[in-house]
Amino acid sequence: MTTTDGQRILVTAGAGGAGRVMVRDFAARGDRVLVCDLDGEALARLKGEIPGVLTVPCDAGSAASIAETIEAAQRLLGGVDVLVNNVGISGPTAAAEDVALEEWETALRVNLTSHFLFARGLIPGMKRQGGGAIVTISSGSARTGLPLRLPYVVSKGALLSLTTNLARELGPFGIRVNAILPGPIRGERIARIIREKAAALGVSEADYEESLTRYTSLRTLMDPEDIAAMVLFLALSAGRRITGQLIGVDGNLEWEE
521 MTTTDGQRIL VTAGAGGAGR VMVRDFAARG DRVLVCDLDG EALARLKGEI PGVLTVPCDA
581 GSAASIAETI EAAQRLLGGV DVLVNNVGIS GPTAAAEDVA LEEWETALRV NLTSHFLFAR
641 GLIPGMKRQG GGAIVTISSG SARTGLPLRL PYVVSKGALL SLTTNLAREL GPFGIRVNAI
701 LPGPIRGERI ARIIREKAAA LGVSEADYEE SLTRYTSLRT LMDPEDIAAM VLFLALSAGR
761 RITGQLIGVD GNLEWEE
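Reminder that position 67 of the sequence shown reads as 587 in the working numbering, one-by-one numbering, no gaps.
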């Protein structure tokens, strides 16, 4: 891949998991990276581990906090060339009729509305500078469906429409918009989901973990590095002609239980 040293990158929820790997890889290429995250301790660790990375606390469930992050990006970076909309929460594990309205609204506010607000805040600057890239992290579950995870799946599914519509609207301004649909990613988050879903289904954690790859053609979970590699491809010049695409990085996820 061709490097583009000096790009200005904003990664949301970038202090852990796949987001952290993205930040590490962007920084290694010489890009200027600003990371926002709700976890202040994780931000501090990240800043100590990756020299030159800039950090700012952000609650993606708060429009005011997102506005402050966008202002910080303008102040610290002088603008943003690449927005990686990585933030997302798992939401409740429950039957549809047992999902509380507050849980539903929280999932949509963090997983969907925050992506819109970050994009809305940065699009004017991208238009002025003649281009940019927005990479959205959705989920393979947006295509397969996932019982007992309704707010999560609906919010991730809406990101697909957000992506394709923004791509059409922003293409004439040189702004590319794509979505990545990961399969289950190894890490603390999937371990928690396995515990909760196994309990909800009344099966062992080992049995449910096996089911995660049973209907995946490659029979494997994803690694954070797999997601980060695709983000970089779309952000760098190698992806300069790619927009409006919904790209599965999931080993061909056929079904989920």
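Cβ atoms here follow ideal geometry from the backbone N, Cα and C, with glycine treated the same way.
Within 10 angstroms of its Cβ, does ASN698 collect 16 or more other Cβ (buried), or is it exposed? buried
Starting from the Cα of LEU668, find the closest Cα among GLU623, LEU701, THR683 and give me that residue. GLU623
The beta strand (DSSP E) spanning THR532 covers which residue range? 528-532
Segments assigned beta strand (DSSP E), at least 3 residues, entirely inside the segment 551-629: 552-557, 574-577, 602-605
Can at least three beta-carbon pairs, one atom from the segment 560-571 and one from the segment 582-593, be found at a separation below 8 Å? no
Where ALA653 falls: helix, strand or coil (DSSP): strand
In terms of residues, what are the limits of the beta strand (DSSP E) holding TYR702? For the sequence presented, residue 702 should be read as Pro rather than Tyr. Here the beta strand (DSSP E) through PRO702 covers 695-702.
Alpha-carbon to alpha-carbon, ALA584 and PHE753: 31 Å
State yes or no: is the C-beta of ARG654 within less than 8 Å of the C-beta of ALA639? For the sequence presented, residue 654 should be read as Ile rather than Arg. Yes, Cβ-Cβ distance for ILE654 and ALA639 is below 8 Å.
Rounded to whole angstroms, what is the Cα-Cα separation between ALA662 and ASN606? 15 Å
Helix, strand or coil, according to DSSP, for VAL541 in the structure here? helix
Work out the CA separation of TYR672 and VAL630 for me, nearest whole Å. 10 Å
Tell me whether GLU729 is buried or exposed, calling it buried when 16 or more other Cβ atoms sit within 10 Å of its Cβ. buried
Considering only DSSP beta bridges, list what VAL769 is partnered with. PRO702
May I have the straight-line CA-CA distance separating GLU745 from GLU561, to the nearest angstrom? 22 Å
Measure the C-alpha to C-alpha separation of THR656 and ASP601 and round it to an integer number of angstroms. 14 Å
Measure the beta-carbon distance from GLY608 to LEU773 and round it to whole angstroms, keeping in mind my assumption that it falls under 8 Å. Contact flag wrong, Cβ pair sits at about 17 Å.
Beta carbon of ILE767, beta carbon of LEU680: below 8 Å? no
Boundaries of the alpha helix (DSSP H) in which GLY677 is found, first to last residue: 670-690
Element boundaries [alpha helix (DSSP H), containing PRO744]: 744-755
Since I believe VAL541 is in contact with VAL470 (beta carbons under 8 Å), could you give me their beta-carbon distance rounded to a whole number of angstroms? For residue 470 there is no data in the structure shown, the boundaries of the chain being 521 and 777.
So the candidates are ALA758, ALA711, VAL751; which of them puts its Cα closest to the Cα of LEU741? ALA711
For a quick check, are the C-beta atoms of LEU558 and LEU530 less than 8 Å apart? no
7 Å Cβ shell around LEU597 - same chain, five flanking residues per side excluded: ARG528, ARG552, LEU554
Among GLY539, THR763, GLY703, which residue has its Cα nearest to the Cα of ARG739? GLY703
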